[in-house]
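Protein chains in written order, with the numbering used here: chain A, 1 to 116; chain B, 117 to 232.
Each residue gets a CB set at the ideal place from its N, CA and C atoms; glycine is no exception.
There are 2 protein chains.
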Amino acid sequence: MYITSLDKAEKSIPTMPGATGVTKQVPISAGDGAPNYCFRVFTIEPGGNTPFHSHPFEHLNYVISGQGLLVGENDEHAIGKGDFCLVLPGEKHQYKNPQGNLEALAVICAVPVNYE
Amino acid sequence: MYITSLDKAEKSIPTMPGATGVTKQVPISAGDGAPNYCFRVFTIEPGGNTPFHSHPFEHLNYVISGQGLLVGENDEHAIGKGDFCLVLPGEKHQYKNPQGNLEALAVICAVPVNYE
């Protein structure tokens, strides 16, 4: 049994091309004993975004705070605090916090631990 | 790509012995296409609790709102909005919202889809 919060989770800056204004934390990881899935949190500042990309694993999201966009191949969706999102394996996607927003967009992004 | 929120997720009342004052929702389920893991949400009213039990799968939790207790075999932990919890497979556990609290305790409880 393990309890933590974001203020205790180490912050890193994703270096993958196409990521701007993004901070990553992993409050529940394989290192904590999670056998199958982990909880990562991406915090995206106004004007920032994750890469527009796809990969062979899914994302399960919960929006902790802020507002932004989940961009797909042919569409984009407004997302905000309290929303849940599912991105399927192989789907192109990008999380964006538009310039001019006042608050960071913080999103739980749960994935299998081998993609932590 | 699928986006939803709790107000759109069907509510059910868990009937397992030992659950009191608990509502279950499954905003991201196998039925939505989630291949490995699902996001369930349990909302526990003040004075309510989940069963004190164990099972062969883990819980990954995020506390959406409220305050309460995560009870283990030999200890209990205060939990509240913003906390993340990991309950390992086989660990006895119970989520409680003590009588006298003013707000419901709402907790994301992510598990493998075969235990949805």
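Can the beta-carbon of isoleucine 224(B) be found less than 8 angstroms from the beta-carbon of leucine 70(A)? Translated into positions along the second sequence, residue 224(B) becomes position 108. Translated into positions along the first sequence, residue 70(A) becomes position 70. Not in contact: isoleucine 224(B) and leucine 70(A) (Cβ atoms no closer than 8 angstroms).
Does the beta carbon of asparagine 152(B) sit closer than 8 angstroms to a beta carbon anywhere in chain A? Within the second sequence, numbered from 1, the residue matching residue 152(B) stands at position 36. At least one CB of chain A lies nearer than 8 angstroms to the CB of asparagine 152(B).
Report buried or exposed for threonine 166(B), applying the criterion of at least 16 other Cβ atoms within 10 angstroms of its Cβ. Position 50 of the second sequence, counted from the first residue, corresponds to residue 166(B). When all chains shown are included, threonine 166(B) counts as buried.
Give me the Cα-Cα distance between serine 145(B) and valine 111(A), rounded to the nearest whole angstrom. Position 29 of the second sequence, counting from 1, holds the residue named residue 145(B). Position 111 of the first sequence, counting from 1, holds the residue named residue 111(A). Distance between the alpha carbons of serine 145(B) and valine 111(A) is about 14 angstroms.
Exposed or buried, what is glutamine 141(B) when buried is set at 16 or more other beta-carbons lying within 10 Å of its beta-carbon? Here residue 141(B) refers to the residue found at position 25 of the second sequence. Answer is buried; the Cβ neighbour count reaches 16.
What are the boundary residues of the beta strand (DSSP E) that asparagine 97(A) is part of? As a first step, residue 97(A) must be located in the first sequence, where it is residue number 97. For asparagine 97(A), there is no enclosing beta strand (DSSP E), as DSSP marks it with neither H nor E.
Under the assumption that glutamate 10(A) contacts alanine 104(A) (Cβ atoms under 8 angstroms), give the Cβ distance between them as a whole number of angstroms. For this step, residue 10(A) is matched to residue 10 along the first sequence. For this step, residue 104(A) is matched to residue 104 along the first sequence. Not confirmed; about 17 angstroms, so no contact.
Is there contact between the region 51 to 64 of chain A and the region 200 to 213 of chain B, where contact requires at least three CB pairs shorter than 8 angstroms? The region 51 to 64 of chain A vs the region 200 to 213 of chain B: no contact.
Aspartate 199(B) in three-state terms, based on DSSP: One-based indexing of the second sequence puts residue 199(B) at position 83. Looking at aspartate 199(B) - three-state DSSP - the assignment turns out to be strand.
Starting from the beta carbon of alanine 226(B), find every residue of chain A whose beta carbon is closer than 8 angstroms, and list them in chain order. Locating residue 226(B) in the second sequence gives position 110, counting from the first residue. Here the neighbours are Tyr37, Phe39, Leu60 and Ala110.
Which residues, in order along the region 191 to 202 of chain B, keep a beta-carbon less than 7 angstroms from a beta-carbon of chain A? Answer set for the region 191 to 202 of chain B: His193, Ile195, Gly198, Asp199, Phe200, Cys201 and Leu202.
Bounding residues of the beta strand (DSSP E) (the contiguous stretch that carries tyrosine 153(B)): Sequence index remark: in the second sequence, residue 153(B) carries index 37 (1-based). Run containing tyrosine 153(B): 153 to 165, per the beta strand (DSSP E) assignment.
Is there a Cβ from chain B that is less than 8 angstroms from the Cβ of leucine 69(A)? Within the first sequence, residue 69(A) is the residue found at index 69, counting from 1. For leucine 69(A), the answer is no, since every Cβ of chain B falls outside 8 angstroms of its Cβ.
Rounded to the nearest angstrom, what separates tyrosine 231(B) and phenylalanine 155(B) at their Cα positions? Position 115 of the second sequence holds residue 231(B). Position 39 of the second sequence holds residue 155(B). Their Cα atoms are separated by approximately 11 angstroms.
Beta-carbon of threonine 43(A) versus every beta-carbon of chain B: anything under 8 angstroms? Within the first sequence, residue 43(A) is the residue found at index 43, counting from 1. No - not a single Cβ of chain B is within 8 angstroms of the one on threonine 43(A).
Going by the CB atoms, is the gap between serine 5(A) and aspartate 199(B) shorter than 8 angstroms? Translated into positions along the second sequence, residue 199(B) becomes position 83. Translated into positions along the first sequence, residue 5(A) becomes position 5. Annotated as proximal: aspartate 199(B) and serine 5(A), with beta-carbon spacing under 8 angstroms.
To the nearest angstrom, report how far apart valine 87(A) and threonine 159(B) are at their CA atoms. Counted from its first residue, the first sequence places residue 87(A) at position 87. Counted from its first residue, the second sequence places residue 159(B) at position 43. Valine 87(A) and threonine 159(B): Cα-Cα distance of roughly 25 angstroms.
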